[in-house]
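Undergrad: In terms of my numbering, the sequence shown has 43 at position 60, counting the first letter as 1, and numbering is strictly consecutive.
For each residue, glycine too, the CB sits at the ideal point set by N, CA and C.
Note that the coordinates shown come from a computational prediction; the quantities given were computed from them, not determined experimentally.
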Amino acid sequence: MNEHEVNCEWKGIKQFNAIVNTHEVILDDRFESMGTDKGPRPKPLMLAALAGCNGMNVISVLKKMRVEVDALNIKVKGELTDTDPKMYKKVFMDFHFTGKNLDKEKLHKAILLSEEKYCGVSAMFRSFSELIIDFTATEK
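1) If you draw a straight line from the alpha carbon of S105 to that of A31, how long is it in whole angstroms?
2) To which residues of the same chain is Y101 closer than 6 Å at the C-beta, ignoring the five residues directly before and after it?
3) Please name the residue in L114, L90, C(-9) whose C-alpha comes closest to that of V44.
4) Which of the three DSSP states, helix, strand or coil, is assigned to F111?
5) Using the C-alpha atoms, what's the distance from F108 back to L63?
6) What separation, rounded to the nearest whole angstrom, lies between the Cα atoms of T5 and P27?
7) Between the alpha carbons of A1 and K123, how many angstroms are there, rounded?
8) Measuring CB atoms only, is the segment 49 to 61 touching the segment 70 to 89, in the sense that at least three cross pairs come out at less than 8 Å?
9) Just to confirm, is the Cβ distance from M76 to V59 under 8 Å?
10) I need the straight-line Cα distance from V74 to I116, nearest angstrom please.
11) Roughly how many angstroms lie between the CA atoms of G18 and K47, to the nearest whole one?
Structure (structure tokens):
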């Protein structure tokens, strides 16, 4: 059976320390919400997971396509609902590739394969949110 496990320990006020795959991640809230701002809040970490999952898959797919990129930057913005519990209703992912002789069709195909087939985080997001994807390629 495939499973993931995280241990999350309360450290006081609103701070929690999570152990994820032997790595420590500090979660906290903003000062305005009575936190100490020692780490990110949980919902933005979901956006980081979405970017990371897609980024890893896109790089893997591009490698199989023999497309070399010098850099990939993924910006993700989530739009929350107005009512509680606040959830992401729209999520915008913008992939920015840098490299030489970039094949835009292959870049687009790699993004689609990741988002629609390989990235489980995308699949989970699609169950509660609209994903809007864009990309740009800058020649070096």
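TA: Checking against the coordinates, here is how it stands:
1) Their backbone Cα atoms lie some 12 Å apart in a straight line.
2) Excluding its 5 nearest sequence neighbours in each direction, Y101 has C-beta neighbours in its own chain below 6 Å: N40, listed in chain order.
3) The residue among L114, L90, C(-9) with its C-alpha nearest the C-alpha of V44 is L90.
4) It is coil, neither helix nor strand.
5) Going from the Cα of L63 to the Cα of F108 covers about 13 Å.
6) Computed Cα separation, rounded: 21 Å.
7) Taking the straight line from one Cα to the other gives about 39 Å.
8) Three or more pairs of CB atoms, one per stretch, sit closer than 8 Å, so the segment 49 to 61 contacts the segment 70 to 89.
9) Yes, the pair counts as a contact, with Cβ atoms nearer than the cut-off.
10) Cα to Cα, the separation comes out at about 8 Å.
11) Cα-Cα distance, rounded: 45 Å.
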